[in-house]
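Here's the structure, in structure tokens; my notes come after.
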Amino acid sequence: PPDPPPLAPKTRAMKTRMSSLDISCMASQLRHQAIGYRISNIYDINPKTYLLKLAKPDSKIFVVIESGVRFHITEYMREKGNVPSLFTLKLRKHVRTRRIEAVDQVGSDRIVDFQCGSGEGAYHIICELYGTGNVVLTDKDYTILTLLRNGKHDNDVRLHVKEVYPRHASRERMRGADASPEWLASQLAAAEKGMTLRQVLNARLGAGKEVVEHCLVESGLPPNAKALQLAQLAAEGSGAGFS
747 PPDPPPLAPK TRAMKTRMSS LDISCMASQL RHQAIGYRIS NIYDINPKTY
797 LLKLAKPDSK IFVVIESGVR FHITEYMREK GNVPSLFTLK LRKHVRTRRI
847 EAVDQVGSDR IVDFQCGSGE GAYHIICELY GTGNVVLTDK DYTILTLLRN
897 GKHDNDVRLH VKEVYPRHAS RERMRGADAS PEWLASQLAA AEKGMTLRQV
947 LNARLGAGKE VVEHCLVESG LPPNAKALQL AQLAAEGSGA GFS
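Using the numbering used here, the first residue of the sequence shown is number 747, and each one after it goes up by one.
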């Protein structure tokens, strides 16, 4: 009988969302490439996707922002609508000709903050890249001037014009560089019943789940071990690997 046909190679599903680590890396790239450029114009590609044209006297770059999904530099010229949306017109009114002064991830959240202009004339374009997403324009004090959609920022906070954007509303979390064995033991002891080590670190560390996963693999700590059981082991002096 003829040989069976070869099996097709396995393919990975294409990523459709940016992770916290992706956002950190992209914000770093934009700090190197976009700071100092002025916003020459803003275009809407569709109701959720916007194109920022940034220019210097001798060069220009384009940054695409898709609410809830992505932001990055692009060389692909997309079709623009003939008539800009009301949201796009409001963005143009406030930030066109402003210079990009900073591009920052907000903590370890999937949120990026573009600072346009400085001092009293500063504005912020804040892009939420999780859930249904949002694009928010604020003044220098983070008072909301306009936003793509009214709705929840998280489970407790809703966004509305003239209110202050809750930039610091995310949970108080320890940076990885400041964590110690004693800090970890205290967090495990305070965990809710049933929480795993992975869940505690994701909730308490401002590092993102990808970094947490990597650290757990490198350390050899059991990611799915119950937090309270590990806390008890640590209290008994048998919590190997915490340091």
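Here a beta-carbon is modelled for each residue, glycine too, at the ideal position from N, C-alpha and C.
| query | result |
| --- | --- |
| Residue from Ala936, Ser770, Ser932 and Tyr783 whose Cα sits closest to the Cα of Ile846 | Tyr783 |
| Nearest candidate by alpha-carbon position, reference Thr762, set Arg777, Leu797 and Arg816 | Arg816 |
| Cα-Cα separation, Ser805 to Thr843 | 15 angstroms |
| Sequence-distant residues of the same chain with beta carbon closer than 7 angstroms to Ser864, five excluded per side | Glu847 |
| Any beta strand (DSSP E) of 3 or more consecutive residues that is wholly inside the segment 768–821 | 784–792, 795–802, 805–812 and 816–820 |
| Rounded straight-line distance, which links the Cα of Ala937 to that of Met920 | Confidence in Met920 is poor, its pLDDT being 48 and thus under 50, which makes the residue's placement too unreliable to answer from. |
| Alpha helix (DSSP H) segment containing Leu976, residue limits | Ala973 to Ala981 |
| C-alpha gap between Gln975 and Gly940, whole angstroms | 10 angstroms |
| Boundaries (first-last residue) of the alpha helix (DSSP H) holding Asn880 | Taken as a continuous stretch (DSSP letters only), Asn880 belongs to no alpha helix (DSSP H), being part of the beta strand (DSSP E) at Asn880 to Asp885. |
| Segment limits, beta strand (DSSP E) that includes Val849 | Ile846 to Gln851 |
| Simplified DSSP state of Thr843, which is helix, strand or coil | coil |
| Among Ala801, Lys955 and Val849, the one whose alpha carbon lies nearest that of Ser765 | Lys955 |
| For His960, the first and last residue of its enclosing alpha helix (DSSP H) | Lys955 to Ser965 |
| Cβ-Cβ separation, Glu866 to Lys990 (assumed contact under 8 angstroms), whole Å | In the structure as shown, the chain starts at 747 and stops at 989, and residue 990 therefore has no counterpart that could be examined. |
| From Glu821, Thr942, Leu798 and Ile769, residue whose alpha carbon lies closest to that of Ile811 | Leu798 |
| Rounded Cβ spacing between Ile872 and Cys862 (contact assumed at less than 8 angstroms) | 11 angstroms between Cβ atoms; not a contact. |
| The segment 769–780 in contact with the segment 825–839 per 3-pair CB rule at 8 angstroms | no |
| Rounded separation between Ile807 and Lys826 - CA only | 16 angstroms |
| Which listed residue (Val957, Gln851 and Thr884) has its alpha carbon closest to that of Leu875 | Gln851 |
| Three-state class that DSSP yields for Thr892 in the structure shown | strand |
| Contacting residues, own chain, Cβ-Cβ under 6 angstroms from Ser786 (five flanking each side not counted) | Lys799 and Ala801 |
| Other residues of its chain near Arg895: CB distance less than 7 angstroms, five sequence neighbours each side excluded | Asn880 |
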